[in-house]
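So the sequence shown is numbered by UniProt numbering: it starts at 1 and just counts up by one.
Note that beta-carbon positions come from the ideal geometry of N, C-alpha and C, so glycine has one too.
Have a look at the structure below, then the notes.
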Amino acid sequence: MRRRKTAVAAACCLALLLGTLLNVLFVPGSELPPPSPPPPRDGAPPSPPGAPLEPPEEEGGGGGRAALARQLRERYEEVLRYRQPRAAGVRRAVRPRERRLMDLAPARTSAEQQQQQQQPRGRAAAERGRASAELGLEPPPLGCRELRAAGGVQYLGSGYTKAVYKAVLNRSLAVALKAVDFGGHDVSRCVRQFASLADCYRLAAYKIVKEMVLLQRLRHANVLQLYGYCYQDSNDIPDTLTAITELGSPLEMIQLLQTSWEDRFRICLSLVRLLHYLAHSPLGSVTLLDFRPRQFVIVDGELKVTDLDDASIEESSCTSNSDCFMEFPARNFTLPCSVEGRCQNMNEKRNLYNAYRFFFTYLLPHSAPPSLRPLLDKIVNATGELQWGIDETAAQLERVLNLYKSGEYLQNATRISKSEYRRVPEAFIPDENYRCWPSYHHKGCLLSVFDVNEAMEICDSYSQCKAFVLTNQTTWTGRSWMLLKGTPVFCFRQNSCRGDKRSLPSVSRVRCASHGPTCGFSHNFPSHVIVAVFHKSKRVLPCI
């Protein structure tokens, strides 16, 4: 049994590594340009200069300056489109656009413009206020005053555009701070092309503004919360932008594979609920062009999307089905072209297939309850072939959740215990534990069960299990925690819990599992948590 479980765990890890290797070697579904290494850092990344929210000047001059001004204008108008409500039933059909506008700019340079830096502070503030109102940003609950008093600032990481920090505000609220990464790929490449640090910062900062607008427009339990933002001067350039958002834990797929199936199912269910909302959002169908696990975080066990600067609501136009081609590392798909000249459900289907290849294949089927595996395999296969849309996928996963929470998945299973179990009303439990996989605790075998009968079946499946402890602690689905023990338990004679603990057997830590006085402590369960203790035995238990 142990060799089989070890082999399953090794196979899961190997499948994840092979899948990651394929995604690196082949063209990604997010259509990211190949990154160039950022310049070396001296400590934490410096705060970037520039003013992001002012409407860009009209194109003027020649060569590189005109190209950069055009990109600034396009980025600014893109933010305005996400702010403006869309009329019911109206969809925008446009030609496909490159995800990163700066990659289309010609490799020309122009003299760095100093006019923005030299304008009076009053005018700059007025322009920023006018632009903020035009972009529809709500007054932030947290702003510069709280940011200046932040403590415990730590650098977490960076991507193409942004650097992310952790900070504590008001001595109690842990938040994430997002700012343009001055040494990142986007700013560095732009400066090499146009030699204008301030304007290149503005171009990158529009992506943070776009993300802020989307975080305010897309209100959902699986979308990260925007707490506020701040404009402050940095590096002698006014109005650098910092966004203040909810803080989450990075999504580590290797760690997720080692967690219980119930927690992994929760991640997939959170993702499907998010994609269902994005497919029917107030902005229309939203696709995540940069769809990778690193774009998500975990907050209180729920998956949340944290990076929306590469989201898009633009529908690809078409004249024939061949124009609706989607390319992925392992599969290609051609979607139908509608009579309106749009690729049908391309945004939705792109999200769904990325969810399949990054999440479902690794997290859904492995170590699931046997009676649920046929339905889970059906879900994985249907999404991998894009046979279902997001509505059907969400409905099927909600069905799995209902079967699991209600215990209906156990009705068709043969529920005959192979061993005889005896409930011990007053028991003392040695603290020695054995480990199992998957488990809610890395130092023991802590699992979730629907009822006592399922607990007995699980104990039967482990050769080391000699007893189990049921608790009133529950998981997110309402199932009870049970602790499997690899050593026998003992019953107490009347009042044996009273008196000197030295009279008890020589074990490291013991406890009474009754409402009487506590003799000790076991596995961090206080006395009021334990509901019952069951011992696997055909004979009378030894008493002390």
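Length of the line joining the Cα atoms of residue i and residue j
i	j	result
N345	R81	20 Å
P39	C324	The pLDDT assigned to P39 is 33, lower than 50, so where the model puts this residue is not dependable, and the model offers no usable value.
A355	V79	26 Å
H442	S260	11 Å
P365	L376	6 Å
Q232	D309	21 Å
N347	C445	42 Å
S196	Y206	16 Å
P438	Y229	41 Å
F360	K378	11 Å
S463	L403	28 Å
I244	W476	28 Å
R192	G159	18 Å
A149	F296	28 Å
A240	V452	Position check: residue 240 holds Thr in this sequence, whereas Ala was assumed. Rounded to whole angstroms, T240 to V452 spans 59 Å at the Cα level.
C337	N472	55 Å
E315	R264	32 Å
V164	F182	12 Å
R292	V449	33 Å
N332	Y362	20 Å
A279	A221	15 Å
Q411	R422	24 Å
V168	G151	5 Å
As assigned by DSSP and simplified to three states, the class of residue i
i	result
Q232	strand
N472	strand
A124	Note that A124 scores 40 on pLDDT, short of 50, meaning its location in the model is unreliable; the coordinates nonetheless yield the value given after this. Residue state, collapsed to three classes: helix.
G389	coil
N332	strand
C324	coil
T477	coil
F359	helix
V299	strand
L289	coil
P369	coil
T383	helix
N69	At residue 69 the sequence reads Ala, which differs from the Asn that was named. A69 falls in the helix class under three-state DSSP.
D186	helix
residue 565	Outside the modelled stretch of the chain, which goes from 1 to 544, sits residue 565, for which no answer is possible.
C144	helix
L541	Legend: pLDDT at L541 = 48, less than 50; position of this residue unreliable, no value from coordinates given.
Those residues which DSSP pairs with residue i across a bridge
i	result
G157	V164
Y421	K536
L173	L169
K485	A467
G151	V168
V223	V305
M456	None; M456 has no bridge partner.
R342	S317
T245	A176, L226
C445	L484
C436	According to DSSP, C436 bridges with nothing at all.
Exposure of residue i, with buried meaning 16 or more beta-carbon neighbours within 10 Å
i	result
L156	exposed
H185	buried
G478	exposed
V339	exposed
H515	With a pLDDT of only 34 at H515, under the threshold of 50, the placement of this residue in the model should not be trusted; the figure read from the coordinates follows. That one is exposed.
E146	buried
D300	exposed
Q255	exposed
V153	exposed
H276	buried
Q387	exposed
Q71	buried
T319	exposed
A174	exposed
Cβ-Cβ separation, residue j to residue i (assumed contact under 8 Å), whole Å
i	j	result
K304	V223	6 Å
A311	L335	Not quite, the Cβ-Cβ distance comes to about 20 Å (not below 8 Å), so this is no contact.
T306	G248	6 Å
V533	V424	5 Å
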